[in-house]
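Residue numbers (the numbering used here): -18 to 175.
Down below is the structure, laid out as structure tokens.
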Amino acid sequence: VVATNEGNADLGVSLPKLHIACMGIEKLIPRAEHLGVFLRLLARSATGQPITTYSSHFHGPIPGGELHIVLVDNGRSQIRMSDEFRRSLHCIRCGACMNTCPVFRRSGGHSYHSTIPGPIGSILAPARDVGQHHDLPFACSLCGSCSDVCPVKIDLHHQLLTWRREVRVRGHLAAKKVWSMKLVSAVMRQGWLF
């Protein structure tokens, strides 16, 4: 099943004789009966519709064609084994966390330099390559709005806070940033300054 906003998946699979579908291993659901719940949840959280306008159900190749489904791991098994970040794989990619995130609304998706932007991307990208994406967990105000609106109840802001600690523990945080944060923390603890 492919869900889109504009129906472009139908055109993309009906023209070529060879259909290669790639999907992350976390997108598998236990039974076909559960599909209706996910489609309604996705549409309501993404666009506020009762159900998505375009959901394409593929049961096999078009007559005379081929269908190949590629299940992509790309570090997902490692995330799944992590107690701290496992729930991030429950994401249905509705975009609700991005719509409510004050940082995303001001900076836009391109500032995340990752395939998946926003709060969920700031969790998934460092799991893939913490050296390249060590700055993303800090692109967050920790307001918790993303966790509040998440339809599958991912504790996004707690995971971002955990990634901040992980970035420091793994040695990817500049010493200048560590010392400046310690200074700010010390100042904020002094009530008489305010």
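The beta carbon of each residue, even a glycine, is placed where N, CA and C say it ideally should be.
| Item | Value |
| --- | --- |
| Chain-order list of residues whose beta-carbon lies under 8 Å from that of Pro197 (same chain, five-residue window excluded) | Lying before the first or after the last residue shown, residue 197 is absent from the chain, which here runs from -18 to 175. |
| 7 Å Cβ cutoff, Ala106 in contact with chain B | No chain B appears in this structure, which consists of one protein chain only. |
| C-alpha gap between Pro44 and Cys3, whole angstroms | 21 Å |
| Beta-carbon proximity of Ser92 to Gly102, cut-off 7 Å | no |
| Closest by C-alpha distance to His40, when choosing among Asp54, Val(-6), Asp116 | Val(-6) |
| Inter-stretch contact (C-beta, 8 Å, three-pair minimum) for the stretch 73 to 81 and the stretch 112 to 121 | no |
| Close beta carbons around Pro107, own chain, < 8 Å, minus the five adjacent residues each side | His114, His115, Leu117, Pro118, Trp144, Glu147, Val148 |
| Closest by C-alpha distance to Asn(-11), when choosing among Pro(-3), Tyr35, Lys134 | Tyr35 |
| Ile43, DSSP secondary structure in three states | coil |
| Best match in Lys134, Val159, Val168 for proximity to Ser26 [C-alpha to C-alpha] | Lys134 |
| First and last residue of the uninterrupted alpha helix (DSSP H) at Ala167 | 156 to 169 |
| Buried versus exposed call for Arg68 [16 or more other C-beta atoms within 10 Å across all chains shown] | buried |
| Neighbour-count burial assignment, His138, 16 or more Cβ in a 10 Å radius | buried |
| Residue range of the unbroken alpha helix (DSSP H) whose run includes Ile104 | 99 to 109 |
| Neighbourhood of Arg57 by C-beta, 8 Å cutoff - its chain only, sequence neighbours within 5 removed | Gly5, Ile6, Glu7, Leu70 |
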